[in-house]
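Notes to accompany the following structure.
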């Protein structure tokens, strides 16, 4: 149980375009979803926390107008990188929780490359 | 943001050897978690610790929650090639605060 999927697993886009990444909890209802960013050989850095039906809470330094998060249902959250630039290239990982923050289940990640 | 001090940064060991890694924090946590991440994948939870002093095992893995609540260690016994990966510790203060991750320990196992 507790499976989280992400789509796509990898994406290449041109600079200036927008990219949407989906995160789904497949076998449980996720009241909270988290979006992380991971650069090569680095740790996971939390970008934002989203609760179903409400606005996401962004961490300091993360541009909410650039990284749009929608959590419209208990099984789906999306992250849209708007007007992507090469420096946005990274590994984006979502996680989902049905309860407490420390009970998070991670997705397999999405590798974004902006050319 | 806040990060945990995780060491060592990387390890090269022979198959069959035991491994030990640890995390320390300047502030207390009420939950410690250990994850493993394979290349191109998301982290997978190995062990969760909820109480100071707690010692928990999961197969060849053993982790302990330090009594000061500011540290934790993970031991892997009799390492095998599939243990290769990056191990992250994470701490959580409360159910409403974010997880804080260590920088990871990259483990390589030489057959």
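Residue numbers (the numbering used here), protein chains in the order written: chain P, 1 to 115; chain B, 1001 to 1111.
We treat Cβ as the ideally placed atom computed from N, Cα and C, and that holds for glycine.
Asked                                                                                                                                                                : Found
What residue does the beta strand (DSSP E) around residue 1046 of chain B start on, and which one ends it?                                                           : 1044-1049
Residues of chain P with CB under 8 Å from residue 1088 of chain B, in chain order?                                                                                  : 43 and 44
Taking DSSP's pairing of strands, which residues face residue 1013 of chain B in a bridge?                                                                           : B:1109
Can you give me, in chain order, the residues of the segment 1065-1078 of chain B that have a beta carbon less than 7 Å from any beta carbon in chain C?             : Any reference to chain C falls outside this structure, whose protein chains are P and B.
Give a yes or no on whether 8 Å exceeds the smallest Cβ distance from residue 1103 of chain B to chain P.                                                            : yes
How big is the Cα-Cα spacing for residue 1037 of chain B and residue 16 of chain P?                                                                                  : 31 Å
Judging by CA-CA distance, which residue of P:18, P:61, P:110 and P:103 is the nearest neighbour of residue 84 of chain P?                                           : P:18
Against chain P, with Cβ distances strictly below 8 Å, would residue 1054 of chain B count as a contact?                                                             : no
Out of B:1027, B:1015 and B:1019, point me to the one whose CA is closest to residue 1127 of chain B's CA.                                                           : This structure does not reach residue 1127 of chain B, given that chain B is present from 1001 up to 1111, and the question cannot be answered.
Name the one or two DSSP bridge partners that residue 22 of chain P has.                                                                                             : P:7 and P:78
Closer than 9 Å by beta-carbon distance: list the chain P residues that pair up with residue 1107 of chain B, in chain order.                                        : Residues of chain P passing the Cβ test: none, with the nearest at roughly 14 Å.
Where are the beta strand (DSSP E) runs, 3 residues long or more, that stay fully inside the segment 1040-1098 of chain B, in chain order?                           : 1044-1049, 1055-1058, 1061-1065, 1071-1076 and 1085-1092
Could you name the residues that DSSP lists as bridge partners for residue 67 of chain P?                                                                            : P:81
Per DSSP, residue 1005 of chain B is paired with what?                                                                                                               : B:1024
Have a look at residue 135 of chain P and residue 6 of chain P and give me their C-alpha separation to the nearest angstrom.                                         : Outside the shown range of chain P, which is 1 to 115, sits residue 135 of chain P, and nothing can be said about it.
So, at 7 Å on beta carbons, what are the nonlocal neighbours of residue 44 of chain P in its own chain, with the 5 sequence-adjacent residues on each side left out? : 36, 38 and 93
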